[in-house]
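For the protein sequence lines, the chains are A and B, in the order given.
Here the first sequence stands for residues 226 to 508, numbered as in the working numbering.
Here the second sequence stands for residues 71 to 340, numbered as in the working numbering.
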Amino acid sequence: MGLEDLFKNVTKRFNDEELPENEPTVKCPRCQQVVPESRFQELNKVCPNCNYHGRLRATERLRLTADKGSFVEYDTEMQTVDPLNFPGYAKKVESLQELTGLKDAVVTGECTIKGSRTVLIVMDSHFMMASMGSVVGEKITRAFETATKKGLPVVAFTASGGARMQEGILSLMQMAKTSGAVAKHSEAGLLYMTVLTDPTTGGVTASFASLGDIILAEPKILIGFAGRRVIEGTIKQRLPGNFQLAEFMQEKGFVDMIVERRSMRSVLSHLLKLHGYEKEGTN
Amino acid sequence: MEQQQRSAWERQLLIRDKNRPTVHDYIPRIFTDFYEMHGDRGYGDDGALIGGIGRLDGLPVTILAQVKGRNLQENKKSNFAMPHPEGYRKALRLAHQAEKFHRPVICLIDTPGAFCGVEAEERGQGEAIARNMMEFMMLKTPIISVVLGEAGSGGALALGVCDELAMLENALYSVISPRGCASILWKDASREQDACEVLQITAEDMLRFGVAEAIIPEPFGGAQEDIDKISENLKEYLVKTTTEKLQKDLDVLQKERYTKFRKIGVFQEQ
Numbered sequence: 226m227g228l229e230d231l232f233k234n235v236t237k238r239f240n241d242e243e244l245p246e247n248e249p250t251v252k253c254p255r256c257q258q259v260v261p262e263s264r265f266q267e268l269n270k271v272c273p274n275c276n277y278h279g280r281l282r283a284t285e286r287l288r289l290t291a292d293k294g295s296f297v298e299y300d301t302e303m304q305t306v307d308p309l310n311f312p313g314y315a316k317k318v319e320s321l322q323e324l325t326g327l328k329d330a331v332v333t334g335e336c337t338i339k340g341s342r343t344v345l346i347v348m349d350s351h352f353m354m355a356s357m358g359s360v361v362g363e364k365i366t367r368a369f370e371t372a373t374k375k376g377l378p379v380v381a382f383t384a385s386g387g388a389r390m391q392e393g394i395l396s397l398m399q400m401a402k403t404s405g406a407v408a409k410h411s412e413a414g415l416l417y418m419t420v421l422t423d424p425t426t427g428g429v430t431a432s433f434a435s436l437g438d439i440i441l442a443e444p445k446i447l448i449g450f451a452g453r454r455v456i457e458g459t460i461k462q463r464l465p466g467n468f469q470l471a472e473f474m475q476e477k478g479f480v481d482m483i484v485e486r487r488s489m490r491s492v493l494s495h496l497l498k499l500h501g502y503e504k505e506g507t508n
Numbered sequence: 071m072e073q074q075q076r077s078a079w080e081r082q083l084l085i086r087d088k089n090r091p092t093v094h095d096y097i098p099r100i101f102t103d104f105y106e107m108h109g110d111r112g113y114g115d116d117g118a119l120i121g122g123i124g125r126l127d128g129l130p131v132t133i134l135a136q137v138k139g140r141n142l143q144e145n146k147k148s149n150f151a152m153p154h155p156e157g158y159r160k161a162l163r164l165a166h167q168a169e170k171f172h173r174p175v176i177c178l179i180d181t182p183g184a185f186c187g188v189e190a191e192e193r194g195q196g197e198a199i200a201r202n203m204m205e206f207m208m209l210k211t212p213i214i215s216v217v218l219g220e221a222g223s224g225g226a227l228a229l230g231v232c233d234e235l236a237m238l239e240n241a242l243y244s245v246i247s248p249r250g251c252a253s254i255l256w257k258d259a260s261r262e263q264d265a266c267e268v269l270q271i272t273a274e275d276m277l278r279f280g281v282a283e284a285i286i287p288e289p290f291g292g293a294q295e296d297i298d299k300i301s302e303n304l305k306e307y308l309v310k311t312t313t314e315k316l317q318k319d320l321d322v323l324q325k326e327r328y329t330k331f332r333k334i335g336v337f338q339e340q
């Protein structure tokens with residue numbers, strides 16, 4: 226599911242007199258306001274009306290986070306083998322690989338952020354809603370293990386619909402596997418920061434995304450264990466509009482800081498330096 | 071061997087049977103001197119996940135168990151075995167207590183999943199499950215888990231990070247309820263029977279994927295046919311496994327636990 230689907234192009238213009246003829250627009254999924262696409266892109270996919278931080282592709286996130294040219298990717302060729310021979314899965318993966326240029330839903334590697342070396346994990350919701358199967362779990366586990374071995378911190382941008390149903394129990398076990406890798410990294414006294422992005426839910430919320438020493442979140446994004454519709458189905462009533470948004474989860478005590486996209490890189494850099502990760506490869 | 075041929079769906083029906091034994095049946099038959107301990111020390115006590123201390127063949131152990139009710143009254147108290155975050159936090163508290171006093175931890179899993187509701191979200195259901203997995207992974211005492219009936223997703227796995235996992239023969243372990251899977255896959259929840267087979271959720275599947283190490287045989291009509299017999303089988307397994315794990319050096323034990331989960335996953339690299 227892409228941004229293209231999320232922000233449906235709307236042909237009708239609403240009381241925005243400044244919009245020139247034929248200016249392409251997008252509709253914010255949070256506030257439903259129709260805004261000029263150029264403005265939305267200029268803000269790196271942040272809604273100018275409500276400050277909802279939209280979904281980025283992994284390449285866009287890397288560009289906004291890592292020092293130019295510093296990112297070296299790990300495990301570039303890893304992909305699924307459809308272990309359950311699950312109906313429609315192989316075909317879906319193939320078409321998404323073609324569409325996104327990704328092999329699966331996570332990009333891992335090493336970079337510097339304003340000079341501080343770190344392992345970086347970026348999940349991309351455009352690939353099967355960044356659900357976690359064997360590939361996502363293995364790449365994240367290896368990223369933590371490499372960081373532990375090299376004495377590096379880990380910064381993880383999370384986004385996910387949860388465990389990947391199409392790989393059955395193997396997907397569920399990735400939750401334990403990644404949490405174990407976080408434990409080993411933590412035991413080595415190394416820093417792990419998570420940045421929760423839209424949407425971080427299900428088995429990813431219930432594993433490594435919730436285990437950072439420091440948990441940051443982008444404004445107005447969705448964070449939860451169970452989906453909103455599932456809960457509404459259980460309790461048979463409508464939920465308040467801000468339920469499971471970053472601000473709500475911070476109020477409930479599960480997010481350290483809400484950080485705007487435009488200042489994320491510098492906040493991460495300061496936090497890395499506050500933990501002694503001053504220069505390349507030092508701790 | 072006839073039991074081996076039961077389909078996942080037939081097993082699903084068998085474990086849904088209202089006479090299927092629950093921890094209320096197992097605990098008094100397997101353990102002696104069982105004392106239940108209440109509360110997570112932060113929010114409250116959760117009747118869906120009980121914990122306590124008892125003896126297994128004389129050996130002091132900590133028991134953590136999800137509680138299916140045998141009737142509506144019991145289910146009201148135990149929320150149909152769907153824990154809230156405070157249930158998982160109580161489990162973690164008691165696991166650390168077990169570690170302090172060098173007691174093995176026995177987890178009896180039987181849940182459709184962690185509870186999905188407003189308060190569960192507000193109190194951090196995801197965080198509670200995540201923390202249990204991380205800390206159980208590092209716990210310096212043996213952990214043995216057994217799936218008694220159904221093991222639903224993260225809500226089960228929060229008691230499933232262990233040195234060895236056993237499945238009762240007809241028990242099922244799944245990432246999503248077959249009903250949920252059917253409604254996503256075919257937009258038709260009534261096809262749960264098909265989803266049951268597609269998802270590969272039986273005890274034999276768990277052995278094949280390296281998720282479980284043992285299958286505890288049930289009487290032909292299922293555990294409900296002879297509760298004393300199945301309890302005996304379960305006790306025998308627990309005694310043998312805890313004895314075996316207690317002989318291991320704690321660092322080795324912990325390393326092997328990590329490796330058990332580290333190995334799970336199938337992918338290719340070219």
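Cβ coordinates follow ideal geometry from the N, Cα and C atoms, glycine included.
* Which whole-angstrom value describes the C-beta separation of A:V380 and A:M418, a residue pair presumed to lie in contact below a C-beta threshold of 8 Å? -> 5 Å
* To do: Run down chain B in chain order and give the residues with a C-beta less than 7 Å from the C-beta of A:V407.
  => M204
* To do: Determine, using beta carbons only, whether B:I179 comes closer than 7 Å to chain A.
  => no
* Residues of the stretch 208-227 of chain B whose Cβ lies closer than 8 Å to any Cβ of chain A, in chain order -> M208, S223, G224 and L227
* Looking at the unbroken beta strand (DSSP E) that takes in B:V336, where does it start and where does it end? -> From DSSP, B:V336 is part of no beta strand (DSSP E); its letter is neither H nor E.
* **Backbone secondary structure at A:V484 - three-state DSSP** => coil
* Can you tell which of B:I214, B:F206 and B:L218 has the C-alpha that lies nearest to the C-alpha of B:A228? -> B:F206
* Asked: By Cβ distance, which residues of its chain are closer than 6 Å to B:D95, with the 5 residues on each side in sequence left out?
  -> I297
* Reduced DSSP secondary structure (H/G/I, E/B, other) of B:G114 -> coil
* To do: Consider the Cβ of A:K374: report whether some Cβ of chain D lies at a distance smaller than 7 Å.
  => The chain labelled as chain D is not found among the protein chains of the depicted structure, namely A and B.
* Residues that A:I460 contacts on chain B, provided the C-beta gap is smaller than 8 Å -> G187 and V188
* To do: Answer yes or no: do B:Y243 and B:V268 have a C-beta to C-beta separation smaller than 7 Å?
  => no
* Asked: Cβ atoms of A:A330 and A:M303: under 7 Å apart, would you say?
  -> no
* If you run the structure through DSSP and keep just helix, strand and coil, what is A:Y277? -> coil
* Can you list the residues of chain B that A:G322 reaches, using a CB-CB cut of under 7 Å? -> Just to set this straight, residue 322 of chain A is Gln in the shown sequence, not Gly. Here the premise fails: no neighbours, minimum Cβ distance about 13 Å.
* Between the Cα of B:Q324 and those of A:T425, A:K409, A:I448 and A:S491, spot the shortest distance and give me the residue it belongs to. => A:K409
* Asked: Roughly how many whole angstroms lie between the Cα atoms of A:L289 and A:V347?
  -> 12 Å
* Consider the Cβ of B:A117: report whether some Cβ of chain A lies at a distance smaller than 7 Å. => The question names Ala, but residue 117 of chain B in the sequence shown is Gly. Not an interface residue.
* How would you label B:A303, buried or exposed, when you count the other beta carbons within 10 angstroms and need 16 or more for buried? -> The question names Ala, but residue 303 of chain B is Asn in the sequence shown. The residue is buried, with at least 16 neighbouring Cβ atoms inside 10 Å.
* Can you list, in chain order, the residues of its chain whose CB lies under 7 Å from that of B:D258, leaving out five sequence neighbours each side? -> A252
* To do: Using a Cβ cut-off of 8 Å, pull out every chain B residue sitting near A:G362, in sequence order please.
  => G335
* Tell me which same chain residues have a C-beta within less than 8 Å of the C-beta of A:G386, skipping the five on either side of it? -> S350, M353, M354, A355, S356, P424, T426 and G427
* With a threshold of 16 other CB atoms inside 10 Å of the CB of B:Q136, please say whether the residue is buried or exposed. => buried
* Take B:T313 and list the residues in its own chain whose beta-carbon comes closer than 7 Å to its own, dropping the five residues that flank it on each side. => none
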